[in-house]
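**Q** There's a structure below that I have some questions on.
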Amino acid sequence: MSKFDEKVELYKKFMDDRDIRSNTDLLKAVTKGLGPSIYKKDAETVSGSDAKELETVKKNFLIKKLGLADGPKLDEAINEVMERIGKSERNKYRAVVYYMLTKKFDKESVYGM
153 MSKFDEKVEL
163 YKKFMDDRDI
173 RSNTDLLKAV
183 TKGLGPSIYK
193 KDAETVSGSD
203 AKELETVKKN
213 FLIKKLGLAD
223 GPKLDEAINE
233 VMERIGKSER
243 NKYRAVVYYM
253 LTKKFDKESV
263 YGM
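Residue numbers (this note's numbering): 153 to 265.
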């Protein structure tokens, strides 16, 4: 199994453990889109309590990648995803957060789904 496949399995298990349904093909596409950052401990996760980090998720992912317009709905969606994963969960994997936001906004087409 490649290191990439191991990461996808890790994220899939993480989601399964929290009863978050997932589409493996979309999860792979989102993970692949993150490039080498998935292999760097700090870049692999999102800090749910760091406002600067959450702003980066909004600007770089929701607005730039998914093409969404800025507004309160984006912040609400990020907060909703953080709640769903669990505020106390230290490892909020970026691939899982981005996957959940992609599904929330029905933007699977960005990944060719």
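Where a beta carbon is used, it is the ideal one built from N, C-alpha and C, also for glycine.
Starting from residue 251, trace the alpha helix (DSSP H) in both directions and tell me its first and last residue.
**A** Here residue 251 is taken as the residue at index 99 of the sequence shown, counted from 1. Segment 246 to 256, the alpha helix (DSSP H) holding residue 251.
**Q** Opposite residue 270 in the DSSP bridges: which residues?
**A** There is no way to answer for residue 270, as the model of the chain reaches only from 153 to 265.
**Q** Would you please state the rounded distance, in angstroms, between the beta carbons of residue 208 and residue 247? I believe it to be under 8 angstroms.
**A** Against the sequence shown, residue 208 aligns to sequence position 56. Against the sequence shown, residue 247 aligns to sequence position 95. That belief does not hold up - the Cβ atoms of residue 208 and residue 247 are roughly 15 angstroms apart, past 8 angstroms.
**Q** Can you tell me whether residue 156 is buried or exposed, with buried defined as 16 or more other CB within 10 angstroms of its CB?
**A** For the purposes of this step, residue 156 is taken as the residue at position 4 of the sequence shown. Counting Cβ neighbours within 10 Å, residue 156 comes out exposed, since fewer than 16 surround it.
**Q** Counting only the same chain and skipping the five closest in sequence on each side, list residues whose C-beta sits under 7 angstroms from that of residue 159.
**A** Stepping through the sequence shown from its first residue, residue 159 is reached at position 7. Closer than 7 angstroms at the Cβ level, and outside the excluded window around residue 159, lie 183, 190.
**Q** Just verifying my parser: in three-state terms, what is the DSSP assignment at residue 218?
**A** Here residue 218 refers to the residue found at position 66 of the sequence shown. Coil, per DSSP.
**Q** Buried or exposed for residue 254, going by 16 or more other Cβ atoms inside 10 Å?
**A** In the sequence shown, residue 254 corresponds to position 102, counting from 1. Residue 254 comes out buried.
**Q** Assess, as a yes-or-no matter, whether the stretch 236 to 250 is touched by the stretch 191 to 203 under the definition of 3 or more beta carbon pairs within less than 8 angstroms.
**A** Yes, the stretch 191 to 203 is in contact with the stretch 236 to 250.
**Q** When the Cα of residue 228 is compared with those of 240, 219, 214, which residue comes out closest?
**A** In the sequence shown, the residue the question calls residue 228 occupies position 76. When each option's Cα is compared against that of residue 228, the closest is 214.
**Q** If you draw a straight line from the alpha carbon of residue 218 to that of residue 170, how long is it in whole angstroms?
**A** By one-based count along the sequence shown, residue 218 stands at place 66. By one-based count along the sequence shown, residue 170 stands at place 18. Each residue's alpha carbon lies about 25 angstroms from the other.
**Q** Return the chain-ordered list of same chain residues with a C-beta closer than 8 angstroms to the C-beta of residue 236, the five sequence neighbours on each side being excluded.
**A** Residue 236 sits at position 84 when you count from the first residue of the sequence shown. So the qualifying residues of the chain are 170, 172, 252.
**Q** Mind checking residue 180: buried by the 16 CB within 10 Å criterion, or exposed?
**A** The residue labelled residue 180 in the question sits at position 28 within the sequence shown. Residue 180 is buried by the Cβ-count criterion.
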